[in-house]
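Going down the list, the sequences are from chains A and B. First residue of the first sequence: 1, per my numbering; consecutive thereafter. First residue of the second sequence: 1, per my numbering; consecutive thereafter. C-beta: ideal position from N, C-alpha, C; glycine also. Predicted model only: the values in this text are computed from it and were never measured.
2 protein chains.
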Amino acid sequence: MSGYAFYRRAYRAFNDYPSLTKLAVVFTVSGGGLVAFSDSRPFGGAYADAIQANHNKRKVVVLGTGWAGTSFLKNLKDPSYEVQVVSPRNYFAFTPLLPSVTVGTVEARSVVEPVRNIVKKKGLDVKFREAECLKIDAVNKKVYCRSSQDTNLGGEENFTVDYDYLVVAMGARANTFNTPGVVENAHFLKEVEDAQRIRRTVIDCFERANLPTISDEEKKRILHFVVVGGGPTGVEFAAELHDFVTEDLAKLYPSVKDHVKITLLEAADHILNMFDKRITAFAEEKFQRDGIDLKTGSMVVKVTDKEISTKERATGENRSIPYGMVVWSTGIGTRPVVMDFMKQIGQGNRRVLATDEWLRVEGSDSIYALGDCATINQRKVMEDIMAIFSKADKIQSGTLTIADFKDVINDICERYPQVEIYLKKQQLKNFLDLLKNYQGNAQKETIDIELFKAALSEVDSQMKNLPATAQVAAQQGAYLANCFNRMEACEKNPEGPLRFRGSGRHRFRPFRYKHFGQFAPLGGEQTAAQLPGDWVSIGHSTQWLWYSVYASKLVSWRTRVLVISDWGRRFIFGRDSSRI
Amino acid sequence: MSGYAFYRRAYRAFNDYPSLTKLAVVFTVSGGGLVAFSDSRPFGGAYADAIQANHNKRKVVVLGTGWAGTSFLKNLKDPSYEVQVVSPRNYFAFTPLLPSVTVGTVEARSVVEPVRNIVKKKGLDVKFREAECLKIDAVNKKVYCRSSQDTNLGGEENFTVDYDYLVVAMGARANTFNTPGVVENAHFLKEVEDAQRIRRTVIDCFERANLPTISDEEKKRILHFVVVGGGPTGVEFAAELHDFVTEDLAKLYPSVKDHVKITLLEAADHILNMFDKRITAFAEEKFQRDGIDLKTGSMVVKVTDKEISTKERATGENRSIPYGMVVWSTGIGTRPVVMDFMKQIGQGNRRVLATDEWLRVEGSDSIYALGDCATINQRKVMEDIMAIFSKADKIQSGTLTIADFKDVINDICERYPQVEIYLKKQQLKNFLDLLKNYQGNAQKETIDIELFKAALSEVDSQMKNLPATAQVAAQQGAYLANCFNRMEACEKNPEGPLRFRGSGRHRFRPFRYKHFGQFAPLGGEQTAAQLPGDWVSIGHSTQWLWYSVYASKLVSWRTRVLVISDWGRRFIFGRDSSRI
């Protein structure tokens with residue numbers, strides 16, 4: 001007992017005060033100095049300072065505790081902010097493992113970490129409010145919130161929170177494309193609760209098919225699992241479900257196992273569109289081998305309580321398929337509260353909240369948006385081409401020498417990331433090579449605006465929106481926190497590129513996404529991975545790469561230990577089929 | 001990978017066919033014989049036999065998968081029954097750990113095991129139906145059932161199940177003593193779902209108290225946790241909650257931690273009434289030290305959504321206490337379906353279903369009842385005194401010699417267990433000593449009916465009902481399964497005591513409960529234990545005894561590994577406070 005207790009206390013002490021080790025060193029080498037320091041700040045003085053500091057603190061409100069919001073909180077280091085976090089969930093969920101949670105390969109509680117645990121850092125003033133954001137009032141810099149606890153504690157509680165800076169990281173909701181019956185009858189797979197519900201429903205289906213009065217036809221219906229959407233989530237869920245059925249449930253429900261069918265519906269011609277063709281082909285082949293019925297080119301037009309209706313794109317044929325459970329995973333849509341905010345700030349005609357390259361919401365100075373609820377509206381080079389040219393042409397001569405140009409090359413590349421991507425694609429070493437290409441044989445010493453335009457005319461075609469992934473959201477959160485950490489320093493010494501349309505420089509470098517690759521687990525201990533540089537890796541070894549990457553990316557040591565022991569538990573004992 | 005896969009397969013093979021090791025031995029020592037055996041039963045013959053056997057199989061229906069039902073299923077070995085299990089839960093729950101589940105010391109999934117896993121034995125014909133029993137029809141030997149899956153799979157499904165033998169093990173429901181508002185506003189702690197709900201509500205209370213608009217008074221109300229009932233469950237829950245608050249939540253919710261209050265209400269004068277006084281005193285003292293407000297002699301008369309009203313037994317004073325969460329744990333009541341069955345068989349005026357000492361429902365030949373839903377209606381010696389005497393008096397002489405008597409002594413002790421308890425209490429070696437006591441100095445050679453009556457007149461005072469514990473239910477389940485296993489053998493050679501009122505012998509020995517002691521965990525790594533022989537043990541070492549006993553009693557290796565790793569996880573990382 002005492003051994004355990006000591007370990008626990010030591011662990012907690014270390015966690016609560018990560019600077020303990022440093023402190024110990026300080027004590028050892030300069031105990032006297034520390035005493036002198038504490039002497040020099042009597043209690044009254046320190047207290048008054050704290051109050052004073054609090055008055056000057058800028059209020060940051062973070063909406064959401066998903067990948068973007070949590071990454072922001074984890075990376076925020078400047079103690080001069082008063083941070084309030086508003087989210088209906090008091091935890092961060094490691095969403096890439098949600099498909100595993102649906103069948104119990106990993107337990108729900110192993111993939112979540114309380115936000116309060118994450119922000120429990122020394123010296124940061126972070127308050128968490130478990131509430132839903134109902135409305136953003138950009139004019140009065142207020143957020144309207146409503147409590148999200150069960151209402152048996154005394155009804156709804158409404159309150160407002162003031163901000164100086166607002167970080168909108170509310171994520172997205174499932175997109176039903178207004179297909180009738182989806183909200184009422186289908187399961188989504190965005191939240192931990194969704195995964196838990198799916199797990200219970202799978203067991204419900206098997207238990208119901210086992211009742212003595214159920215006909216064979218009805219058994220077939222009940223045990224028909226339909227997944228709509230062939231993206232990574234839908235594919236991984238179908239694969240996990242197939243593993244659960246064949247590895248665990250078939251043994252426990254021998255009398256109905258032959259009635260089980262899994263169907264994956266995809267409107268496009270192939271599943272896993274965003275991946276390399278080799279991965280798509282491997283996945284489609286594997287699913288066929290596994291007996292997962294893959295129907296591509298099949299659009300869902302209606303879902304009732306027992307049937308799902310599709311229209312085949314090729315033939316126009318309409319079909320109705322009886323089902324027991326539908327999981328809907330066709331992409332993301334904008335939340336109503338974000339939509340309402342977009343109307344307020346004149347973005348009402350857009351599909352998703354637009355920010356500039358610094359993640360600042362367009363048309364608003366103090367509001368930032370990141371993760372799935374926003375998209376970066378990248379500025380086109382061709383829109384600014386005159387401004388860029390004249391900025392380089394300091395003496396307004398109408399032409400530029402290579403020397404003139406060298407001064408602004410880096411700023412152009414930094415401000416317009418599409419330029420760099422274009423250079424890479426064209427296998428050009430740098431910007432000058434691009435210009436030289438267009439000078440042709442002439443080898444002029446100067447460049448005029450027409451030549452400049454011609455050289456850059458193709459560049460904007462390289463612009464594309466970032467994918468709505470955890471990776472993007474996490475990088476955006478870290479980026480923004482870094483900007484907040486250096487807000488004052490960069491105000492004095494801006495480190496961003498030249499403002500081509502205005503004067504001076506931007507405070508910060510714009511956000512740049514770094515793609516580290518993407519996994520597509522396919523079941524049966526096989527995973528496909530697309531790594532940077534279009535490397536493709538498929539098979540058992542990639543599954544182990546997946547295990548290691550995911551284990552290392554988990555948010556805390558607790559979740560890491562739990563997820564790894566869940567994996568081990570599954571290998572030894574299989575997945576649990578208790579309906580809880 | 002392959003190493004893991006091998007281990008998993010080996011483990012599963014061993015689990016699926018526990019006789020594998022034996023089989024291997026048979027192969028080694030007498031491979032030839034086995035081949036000869038399989039030769040002698042060609043496929044057609046075996047198949048025909050199986051069909052024939054199925055027609056002759058007696059149908060056993062088990063209602064419930066709690067301690068009694070599961071213990072019955074685990075111990076049933078005779079393959080000549082066709083067993084159907086009907087229960088609204090497809091798993092067995094290790095209920096003594098439910099208080100730990102309420103705060104996440106142990107996870108819900110670690111204490112449950114699917115019934116199908118438990119009964120997945122070779123050679124036994126067991127079917128499980130996830131359904132609720134609505135009605136027992138004892139006349140037509142039918143049970144009416146209703147599916148208990150979520151109704152989105154196609155409405156309710158009603159069906160009947162025929163039986164030859166019915167085993168009623170449906171447990172009990174929480175007893176509210178008809179106190180108004182309890183069902184609507186209080187939490188019970190009988191099911192796994194109850195524990196999960198309590199866990200979410202505790203977090204809800206803390207999150208709500210943390211909202212910016214909540215007044216200090218309201219914070220106090222929300223963070224007032226009231227436990228009604230000072231039995232082992234209520235006491236353990238209060239202790240677990242106190243540990244959760246002080247060890248984990250206080251650090252994460254520093255701004256509200258001082259408003260937390262835990263109150264334990266008990267109508268009697270002391271908590272843990274069924275335990276030794278030393279344990280009660282220790283528990284009461286510890287709770288006082290911990291700051292748990294212990295109110296004894298306090299009866300709850302009403303619960304509204306925000307207040308709980310009590311009446312003090314001593315003063316008659318009425319009080320109203322604002323609360324945030326109430327957990328109600330004051331004992332058990334009879335389920336409506338059991339009540340209805342009792343009316344059918346003429347037990348309508350009883351409080352709980354009565355069985356004889358063989359667990360057979362009184363007034364019914366083929367229905368057995370065990371666990372919390374039933375009680376053994378033990379036959380009084382004084383009711384049968386004439387029959388006992390005349391049975392011993394073979395020649396009907398009106399008096400008995402010691403020698404006459406010796407023939408029936410064992411049967412008396414076996415048939416009427418209260419006799420044995422009385423002997424033990426009086427520190428008498430055996431029945432003859434008891435008689436001799438009453439002969440006094442006379443030292444007569446014979447005993448007449450009056451002396452016999454006098455000697456046994458006190459014996460029935462030793463009768464008491466068995467407690468409604470897991471231990472009793474599990475022993476009853478195992479006992480009944482053993483009776484079923486030897487049904488035919490004992491039909492031919494009855495092994496029970498003489499039938500004093502009838503002729504011949506009883507088929508089986510009556511059920512005897514063996515008490516192995518009881519634990520009362522008190523929080524802070526301290527547990528009290530009352531062991532057989534009125535041994536009492538309290539403290540940290542008893543907590544370790546508790547850990548070992550509970551770990552060893554868990555139903556499967558999976559749950560054992562999970563619970564132990566949960567305990568370890570809690571020691572290192574604390575309990576999780578995510579609201580899922």
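Assigned with DSSP and collapsed to three states, G333 of chain A falls in strand. Of the residues A:T310, A:L554 and A:R289, the one whose Cα lies closest to the Cα of K295 of chain A is A:T310.
Out of A:E420, A:G64, A:Q476 and A:S548, the CA that lies nearest to the CA of E191 of chain A is found in A:G64. Annotation: N485 of chain B has no Cβ neighbours in chain A at a cutoff of 9 Å; minimum Cβ distance is about 25 Å. Contact between the region 221–228 of chain B and the region 546–559 of chain B is not established, with fewer than three Cβ pairs separated by less than 8 Å. When the five nearest sequence neighbours on each side are left out, the beta carbons in the same chain lying within less than 8 Å of the beta carbon of Q396 of chain B are those of S390, in order along the chain. Beta bridge pairing from DSSP links A268 of chain B with no other residue. Looking from the CA of K122 of chain A, the closest CA among B:L252, B:T246 and B:K120 belongs to B:L252.
DSSP places Q396 of chain B in no alpha helix (DSSP H); its state is neither H nor E. In chain B, no part has a C-beta under 7 Å from the C-beta of L63 of chain A; the shortest such distance is about 15 Å.
By the Cβ criterion, the region 103–110 of chain B is not in contact with the region 64–79 of chain B, since fewer than three pairs of Cβ atoms, one from each stretch, lie closer than 8 Å. The beta carbon of N75 of chain B sits closer than 6 Å to those of A478 and A481, all from its chain and outside the five residues before and after it, given in chain order. Pairwise C-beta distances place the region 532–547 of chain A out of contact with the region 79–90 of chain A, as fewer than three of them are shorter than 8 Å.
Annotated three-state conformation of N175 of chain B is coil, per DSSP. Counting along the chain, R129 of chain A sits inside no alpha helix (DSSP H); it lies in the beta strand (DSSP E) bounded by residues D125 to D137.
The three-state reading of DSSP puts K122 of chain A in coil, since its state is none of H, G, I, E or B. Per DSSP, the beta-bridge partners of P114 of chain A are A:Y91. Within the region 269–296 of chain B, the beta strand (DSSP E) runs of at least 3 residues that lie entirely inside it are, in chain order, 293–296.
In the three-state scheme derived from DSSP, where H, G and I count as helix and E and B as strand, E307 of chain B is classed as strand. Straight across, the Cα-Cα distance linking A131 of chain B with A392 of chain B is about 50 Å.
The count of Cβ pairs closer than 8 Å, one atom from the region 135–149 of chain A and one from the region 158–166 of chain A, reaches three, so the stretches are in contact. In the structure shown, D576 of chain B falls within a coil segment according to DSSP collapsed to helix, strand and coil. Taking a 10 Å sphere around the C-beta of P96 of chain B, we find 16 or more other C-beta atoms and assign the residue as buried. DSSP lists no bridge partner for F237 of chain A. For D204 of chain B, the residues of chain A that pass the 7 Å Cβ criterion are Q149, D150 and L153, in the order they occur in the chain. Under a criterion of Cβ atoms nearer than 9 Å, the residues of chain A adjacent to N210 of chain B are, in order, K127, F128, R129 and E130.
If you look at V326 of chain A, you'll find it in the beta strand (DSSP E) that goes M325 to W328. Per the Cβ contact rule, the region 411–420 of chain B is in contact with the region 365–381 of chain B (3 or more Cβ pairs under 8 Å). Legend: CB atoms of the region 210–244 of chain A lying less than 9 Å from CB atoms of chain B belong to residues N210, L211, P212, T213, I214, E218, R221 and I222. For F516 of chain A, there are no CB contacts under 6 Å within the same chain when 5 residues up- and downstream are skipped.
In the DSSP secondary-structure assignment, V361 of chain A is bridged to A:T355. Using a Cβ distance threshold of 8 Å, G333 of chain A and A174 of chain A count as a contacting pair. Nearest C-alpha to I292 of chain B among B:D460, B:A283 and B:I262: B:I262. Interface annotation for the region 107–118 of chain B against chain A: E107, A108, R109, V112, E113, P114, R116 and N117, criterion Cβ-Cβ distance under 8 Å. Taking 4 residues as the shortest admissible run, the region 520–570 of chain B contains the following complete alpha helix (DSSP H) segments, listed from N- to C-terminal end: 540–553. Not a single C-beta of chain B is nearer than 8 Å to the C-beta of D258 of chain A.
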